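Going by the numbering used here, the sequence shown runs without a break in its numbering and finishes at 192.
Read the structure below first, then the notes.
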Amino acid sequence: MEENSKNMSKYNAYKQAFTLMELAKSEKNLPYSIASIAIAESIIADRTQSYISYKEKRWFEANKDKHIRTATLVDKCNKHFKNHSVCIKRKNSSNFETDDLFLEIKDWLKNRNNILHAFAKSNPGMPTMDINDYIQYAIKTSEEGYRLTSLLKQWFDKQKRITKTK
């Protein structure tokens with residue numbers, strides 16, 4: 027019963043997460059976009075951590091009580107899936123696809139960091155990013171996070187199916 031309860035809790039969290047990311051995509055505003063970016067990173071960390079905890083049990087056990095950076099988890103997945111392509115055929119004919127899932131996620135994580143740190147921060151003597159440019163950058167990063175988390179979820183679900191059939 028406890029496992030089913032955990033699965034239901036995870037299912038509900040993911041359902042809410044994707045609902046919020048879809049809302050950010052339709053509303054195209056700064057608050058929803060920043061929330062969506064944070065949620066996308068949470069999903070990326072969760073799915074890659076789950077895979078690495080299975081695939082590299084010994085390493086994961088040795089590090090599970092420490093903070094493991096999301097980029098480290100993505101790098102570990104990339105080690106197992108170099109140049110991994112994924113495609114989601116969507117009803118509205120705008121497919122989500124990638125030729126290198128984990129490399130794209132790594133690039134997205136850099137954009138995520140820029141968004142979270144660039145609102146008021148700048149290098150000494152340099153101006154902050156123009157607010158309108160920042161907002162457009164956040165919206166674009168949010169939309170890209172939604173696309174990548176959708177692809178990552180499809181990848182993870184496929185890995186789960188493969189593992190169950192072994």
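No residue lacks a Cβ here, since even glycine has one placed at the ideal position from N, Cα and C.
Keep in mind that this is a model prediction, so the values were computed, not measured.
Non-local C-beta neighbours of residue 35 in its own chain, meaning closer than 6 Å and more than five positions away in sequence, are absent. Two segments are said to touch when three or more pairs of C-beta atoms, one from each, lie closer than 8 Å; by this definition the region 160-169 touches the region 132-149. Per DSSP, the continuous beta strand (DSSP E) segment holding residue 114 begins and ends at 112-114. The beta carbons of residue 50 and residue 62 sit closer together than 9 Å.
If you ignore the 5 residues before and after residue 155, its C-beta comes within less than 6 Å of the C-beta of 144, all in its own chain and listed in chain order.
Taken through DSSP and simplified to helix, strand or coil, residue 124 comes out as strand. Exclusion of the five residues before and after residue 85 leaves 78 and 102 as the residues of its chain whose Cβ lies within less than 8 Å of its Cβ.
Counted as a single uninterrupted DSSP element, the alpha helix (DSSP H) harbouring residue 69 occupies residues 56-81.
In the DSSP assignment, residue 188 falls within the unbroken alpha helix (DSSP H) covering 157-191.
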